[in-house]
Amino acid sequence: MVDSTIKILTLVSFLVLISQGYSKCSLSNLSIYQRPTGHQLKQFPEYRVDIINSCPNCVQRNVKINCPNFETVEFVDPSIFNVSGDVCLVNGGKPIVTNVNVTFNYAWSNSFILTPNSSIINC
Ligand SMILES: *[C@@H]1O[C@H](CO)[C@@H](O)[C@H](O)[C@H]1NC(C)=O
Ligand SMILES: *[C@@H]1O[C@H](CO)[C@@H](O)[C@H](O)[C@H]1NC(C)=O
Ligand SMILES: *[C@@H]1O[C@H](CO)[C@@H](O)[C@H](O)[C@H]1NC(C)=O
Ligand SMILES: *[C@@H]1O[C@H](CO)[C@@H](O)[C@H](O)[C@H]1NC(C)=O
């Protein structure tokens, strides 16, 4: 009885591992978090942005984010976030590995809605 329970548990965890390893990721596995830092720059509130690839086994490169009307009085390193019209390139297009935040701060009178636009997923 105990033995067969262990066998079933082993099988279940094996299947879970398999399905995690092979499940496909998409743009929905790119998360963008934003929050006010509580600081001000030139009297504009500052915001912190964290971009995270949550796909367990895959990098995402050439990550682009919809950033319509984005403006900032704080310098944002273009190798992290390169504003180009309504679409911004993250990390200079280089791969974003799993669960390592790509972070930058900006400051403006309001925050901007930032949503994933596209990426290339390599597993
Ligand atoms: C990717 O995101 C989708 C939608 O949020 C989710 O259902 C799926 O589990 C995620 N994939 C992985 C491998 O985390
Ligand atoms: C990564 O981003 C998340 C969401 O903003 C945040 O909670 C977490 O502290 C960040 N981790 C690091 C190491 O900066
Ligand atoms: C940022 O984008 C401009 C074009 O909009 C390009 O000339 C420049 O090389 C890019 N910089 C980085 C670091 O990707
Ligand atoms: C990505 O950006 C292009 C150019 O702005 C736009 O036409 C397209 O609809 C965007 N795709 C997504 C998924 O937001």
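Residue numbers for the sequence shown, in mature numbering (1 follows the signal peptide of the UniProt record, and there is no 0): -23 to -1, 1 to 100. We treat Cβ as the ideally placed atom computed from N, Cα and C, and that holds for glycine. As the structure is a prediction and not an experimental result, all values here were calculated from the model.
Is any heavy atom of ligand 4 found at a distance shorter than 7 angstroms from the C-beta of residue i?
{"i": "residue 95", "result": "yes"}
{"i": "residue 115", "result": "For the chain, the structure presents residues -23 to 100; residue 115 sits outside this window and is missing."}
For residue i, is the classification buried or exposed, using 16 other Cβ atoms within 10 angstroms of its Cβ as the cut-off for buried?
{"i": "residue 96", "result": "buried"}
{"i": "residue 24", "result": "buried"}
{"i": "residue -16", "result": "Bear in mind that a pLDDT of 46 at residue -16, under 50, signals an unreliable position, so the number given afterwards is only what the model happens to contain. By the 10 Å Cβ count, residue -16 comes out exposed."}
{"i": "residue 42", "result": "buried"}
{"i": "residue 30", "result": "buried"}
{"i": "residue 50", "result": "exposed"}
Of the choices the options, whose alpha-carbon is the least far from that of residue i?
{"i": "residue 36", "options": "85, 70, 82", "result": "70"}
{"i": "residue 82", "options": "1, 72, 17", "result": "17"}
{"i": "residue 32", "options": "38, 20, 7", "result": "7"}
{"i": "residue 100", "options": "25, 74, 46, 43", "result": "74"}
{"i": "residue 61", "options": "88, 22, 94", "result": "94"}
Could you name the residues that DSSP lists as bridge partners for residue i?
{"i": "residue 42", "result": "65, 93"}
{"i": "residue 8", "result": "29"}
{"i": "residue 52", "result": "Its beta-bridge partners do not exist; DSSP assigns none."}
{"i": "residue 60", "result": "65"}
{"i": "residue 14", "result": "Paired residues: none, contrary to the question."}
For ligand 3, is there a heavy atom less than 7 angstroms away from the beta-carbon of residue i?
{"i": "residue 45", "result": "no"}
{"i": "residue 59", "result": "yes"}
For residue i, is the beta carbon positioned less than 7 angstroms from some heavy atom of ligand 1?
{"i": "residue 2", "result": "yes"}
{"i": "residue 32", "result": "yes"}
{"i": "residue 6", "result": "yes"}
Is there at least one non-hydrogen atom of ligand 2 closer than 7 angstroms to the beta-carbon of residue i?
{"i": "residue 68", "result": "no"}
Exercise for the section: Kindly provide the chain-ordered list of residues whose Cβ lies closer than 5 angstroms to any non-hydrogen atom of ligand 2. Expected result: 10, 27, 78
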